[in-house]
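Everything below concerns the one structure shown next.
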Amino acid sequence: SRIVAAFRERTPGSAAFAEQASDLFPSGITHDSRHQYPYGIYVTRAEGPRKWDVDGNAYIDFFGGHGSLLLGHRHPVVAAAVAEAATEGTHYGASHPREIAWGRAVQRLVPAAERLRFTSSGTEATLMAVRLARAFTGKTALLRFRGHFHGWHDHMAGGYSNHFDGTPTPGVLSGVAEQTVLLDANDLVGLRAALAARDDIAAAIIEPTGASFGQVPVEPSFLHALREETTRHGVLLIMDEVVTGFRVARGGAQAALGVTPDLMSFAKILAGGLPGGAVAGREDVLSLLDFGVTAKAGREKIAHQGTYNANPLSAAAGTAALEVIATTDANARANATAATLRQALNAVLAEERVPWAVYGTFSGFHLFMNPEGAVIDPLRFDPLAMPASALKNQPKDLAAKLRLALQIHGVDTNGRIGGVLSSTHGEAEVRGAAGAL
Ligand code: PLP
Numbered sequence: 007s008r009i010v011a012a013f014r015e016r017t018p019g020s021a022a023f024a025e026q027a028s029d030l031f032p033s034g035i036t037h038d039s040r041h042q043y044p045y046g047i048y049v050t051r052a053e054g055p056r057k058w059d060v061d062g063n064a065y066i067d068f069f070g071g072h073g074s075l076l077l078g079h080r081h082p083v084v085a086a087a088v089a090e091a092a093t094e095g096t097h098y099g100a101s102h103p104r105e106i107a108w109g110r111a112v113q114r115l116v117p118a119a120e121r122l123r124f125t126s127s128g129t130e131a132t133l134m135a136v137r138l139a140r141a142f143t144g145k146t147a148l149l150r151f152r153g154h155f156h157g158w159h160d161h162m163a164g165g166y167s168n169h170f171d172g173t174p175t176p177g178v179l180s181g182v183a184e185q186t187v188l189l190d191a192n193d194l195v196g197l198r199a200a201l202a203a204r205d206d207i208a209a210a211i212i213e214p215t216g217a218s219f220g221q222v223p224v225e226p227s228f229l230h231a232l233r234e235e236t237t238r239h240g241v242l243l244i245m246d247e248v249v250t251g252f253r254v255a256r257g258g259a260q261a262a263l264g265v266t267p268d269l270m271s272f273a274k275i276l277a278g279g280l281p282g283g284a285v286a287g288r289e290d291v292l293s294l295l296d297f298g299v300t301a302k303a304g305r306e307k308i309a310h311q312g313t314y315n316a317n318p319l320s321a322a323a324g325t326a327a328l329e330v331i332a333t334t335d336a337n338a339r340a341n342a343t344a345a346t347l348r349q350a351l352n353a354v355l356a357e358e359r360v361p362w363a364v365y366g367t368f369s370g371f372h373l374f375m376n377p378e379g380a381v382i383d384p385l386r387f388d389p390l391a392m393p394a395s396a397l398k399n400q401p402k403d404l405a406a407k408l409r410l411a412l413q414i415h416g417v418d419t420n421g422r423i424g425g426v427l428s429s430t431h432g433e434a435e436v437r438g439a440a441g442a443l
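In terms of the UniProt record's numbering, the sequence shown is residues 7 to 443.
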């Protein structure tokens, strides 16, 4: 098609690298979300809200390092902290002062993180959260919500053909699916029924603003109800704050929405754009990782290893980023610019009479491509009035073409045509994105 031809013409360097990668990595890529036809862009440089590909094309970046860059690319304070740390060594095989500063920086913003353990990723953080919950409660089942993403370990894996429906994805034992209770978020009747019907549920895990950072939003009242119902039934509430943590507010979704979880997972912004995650929460639950406490209680301690836990470079980047977040209006700025962007994009859709809508909360946005042809007004669109399936099931071919067309016009979004903003995005980026659309 014309779009593909125009993309190829702009990106010969990316095409050459994609060719080299094709017999190296499955699909030539290192993360499923980088799968793109005819190939994805290869990027070599990024600064603030922008990044540049190997052919020198500039992009307004709404991918934001998969959400890890609330402060934009190469924030000077974060970059300097990493450079300084790198001169002092990258791994000591020992405890180090930077991990204490990092942990205190988390606690300062999230008081419910009474104890924490660093991991290398968000996937590892939810894995440990679930293990802790099962060990603490002595129960086995896990309650989760359709479409909510919590990483790719066995207990969270959802395939593409059976997207998170609870049936096992290839390579995952069927017993895992049997221990999963899958519900629709916002369905309070279903939640109450599930909790009344089973007494083997250890924990409920949720993306607090909704599936895929609010692509299918969770009503705040449902989150409050989930807190109450889980407490009543002795079920631990795990808030997966991997995307929302330190983004929607300094203290994450738990601060923004006023709901305190028992356990939480962090990654992304936590480590300032470097690899890193954390599981955190109640002292009595995290004490299952404590040698002394478990020995005294005659309990078997839960093992926790990980070569790169609290890596000094990640600790330096994370501490610096959290310090900037604690002392500036970075969250509020990203949220405000995102609201302006959503409005500007909807104004374009309304003017062009395209029956789509841009929506979202905090610093995110999602494009609703109206797969069922509903009558909507982009300027008055309410995602909570739509069926979740309509929000989640974007027309894939159309989204792929639109993403390519936006890239040709210098804008990079995620594959669902949405993304996140940083505190460095401003009016120029809003104008640029509206112009591209
Ligand atoms: N939980 C949520 C809500 C996420 O968005 C992600 C990643 O996008 C994860 C967990 C997994 O984190 P990681 O990619 O660091 O393993």
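Glycine is no exception: its CB is placed at the ideal position from the N, C-alpha and C atoms. Please read these numbers as outputs of a predicted model, since none were measured by experiment.
Endpoints, the alpha helix (DSSP H) within which Asp290 is located: Glu289 to Leu292
Ligand 1 heavy atom lying under 8 Å from the CB of His156: yes
Between the C-alpha atoms of Ile244 and Gly370, what's the straight-line distance to the nearest angstrom? 22 Å
Find out if the Cβ-Cβ distance for the pair Ile47, Glu435 is shorter than 9 Å. no
Unbroken alpha helix (DSSP H) run spanning Phe228, endpoints: Pro226 to Arg238
Which residue from Leu390, Thr367, Pro361 and Val417 puts its Cα closest to that of Glu378? Pro361
Locate the alpha helix (DSSP H) running through Ile331, then write down its first and last residues. Pro318 to Thr333
Can Asp246 be considered in contact with ligand 1, in the sense that its beta carbon sits closer than 8 Å to one or more heavy atoms? yes
Reduced DSSP category for Met162 - H, G, I as helix; E, B as strand; rest coil: helix
Could you confirm whether any beta carbon from chain B is found closer than 9 Å to the beta carbon of Gln26? Among the protein chains of the structure shown there is no chain B, as only one such chain exists.
Indicate, with yes or no, if ligand 1 has a heavy atom lying under 8 Å from the CB of Gly34. no
Proximity test, Glu130 beta-carbon vs ligand 1 heavy atom, cut-off 8 Å: yes
Could you tell me the boundaries of the beta strand (DSSP E) in which Ser20 lies? Premise fails: Ser20 lies in the alpha helix (DSSP H), Pro18 to Ala27, not in any beta strand (DSSP E).
One question on the structure: do Phe368 and Arg253 come within less than 9 Å of each other, judged by their Cβ atoms? yes
Through-space distance from Arg80 to Leu197, alpha-carbon basis: 43 Å
If you count every other CB in all the chains shown that lies within 10 Å of the CB of Tyr45, and 16 or more means buried, which is it? buried
Among Ala100, Gly157 and Ser101, the one whose alpha carbon lies nearest that of residue 445: The first residue shown for the chain is 7 and the last is 443, placing residue 445 beyond what the model contains.
Leaving out the 5 sequence neighbours to the left and right, which residues in its chain are closer than 6 Å to Val88 when beta-carbon positions are compared? Leu319, Ala322 and Ala323
Rounded to whole angstroms, what's the CA-CA distance from Leu201 to Thr333? Just pull it up for me. 41 Å
Decide if Tyr365 is buried, meaning its Cβ has at least 16 other Cβ atoms within 10 Å, or exposed. buried
For the alpha helix (DSSP H) containing Phe297, name the first residue and the last one. In the DSSP assignment, Phe297 falls within the alpha helix (DSSP H) that extends over Phe297 to Ala303.
Using DSSP with H/G/I as helix, E/B as strand and the rest coil, what is Ile382? coil
Any chance you could list the beta strand (DSSP E) runs of at least 3 consecutive residues sitting entirely within the stretch 345-403, in chain order? 363-365 and 370-374
Close beta carbons around Asp160, own chain, < 6 Å, minus the five adjacent residues each side: Val178 and Val182
Find out if the Cβ-Cβ distance for the pair Gly279, Ser74 is shorter than 9 Å. yes
Go ahead and label residue 6 buried or exposed: buried means 16 or more other beta carbons lie within 10 angstroms of its beta carbon, across all protein chains shown. No statement about residue 6 is possible, as the shown extent of the chain runs from 7 to 443 and does not include it.
Tyr65 bridges to which residues according to DSSP? Lys57
Quick check: the Cα distance between Thr129 and Val224, rounded to an integer number of angstroms? 21 Å
Should Val222 and Leu397 be called a contact, given that it needs their Cβ atoms to be closer than 9 Å? yes
Endpoints, alpha helix (DSSP H) assigned at Gly70: Gly70 to Gly73
Is Val249 near ligand 1, in the sense that its beta carbon is under 8 Å from a heavy atom of that ligand? yes
Return helix, strand or coil for Gly283, following the three-state DSSP convention. Gly283: strand per DSSP, three-state reduction.
Are the Cβ atoms of Ala199 and Leu149 separated by less than 9 Å? Going by C-beta atoms, Ala199 is not nearer than 9 Å to Leu149.
When DSSP labels each residue in this structure, what does Ala405 get in the three-state scheme? helix
Tell me, to the nearest whole angstrom, how far the beta carbon of Ala147 is from that of Gln185; I am working on the premise that it is less than 8 Å. Confirmed, Cβ separation roughly 5 Å.
Applying the 10 Å Cβ sphere with the 16-neighbour rule, what's the burial state of Ala391? exposed
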